[in-house]
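**Q** Sending over a structure as structure tokens; questions will come in a sec.
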Amino acid sequence: MSFKIEWSDEAIRRLRKLDRETIRAVTARVSKLATDPFHYGRPLHGLELWTLRAGRHRVLFTLDLGRGIVFIVTVGPRKTVYDRR
145 MSFKIEWSDE AIRRLRKLDR ETIRAVTARV SKLATDPFHY GRPLHGLELW
195 TLRAGRHRVL FTLDLGRGIV FIVTVGPRKT VYDRR
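Residue 229 is where the sequence shown ends in my numbering, and the numbering goes up by one at each step.
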């Protein structure tokens, strides 16, 4: 099954603040989620969120299996991305 990638406004806003090299790394990793989010992502315990590594940054996302959607919630440095969740 192929998944569709959708981005939240917050994720897009935070992605735009990153340098070009990091944006490329993050978007390359996110594109892999379309093929198999279970292989590339890991569930966060106690939350309905998943996480994806992209160098020193993390991508937090949710899955809608019924509609086949990976929804990117936010993007940020590993040190701070989990603080608000």
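For every residue, glycine included, the Cβ atom is placed at its ideal position computed from N, Cα and C.
(1) Between the alpha carbons of R298 and R186, how many angstroms are there, rounded?
(2) Is the distance from the Cβ of L204 to the Cβ of T224 below 8 Å?
(3) Residue range of the alpha helix (DSSP H) that H183 falls in?
(4) Where does A198 sit, in a helix, a strand or coil, going by DSSP?
(5) Which value, in whole angstroms, describes the spacing of the CA atoms of L196 and I213?
(6) Considering only DSSP beta bridges, list what D208 is partnered with.
(7) Determine, using beta carbons only, whether S146 and A172 come nearer to each other than 8 Å.
**A** Walking through what the data contain:
(1) This structure cannot speak to residue 298, because the chain is shown only from 145 to 229.
(2) Cβ atoms of L204 and T224: not closer than 8 Å.
(3) P181 to Y184
(4) Residue state, collapsed to three classes: strand.
(5) 15 Å
(6) Partner(s): I213.
(7) no
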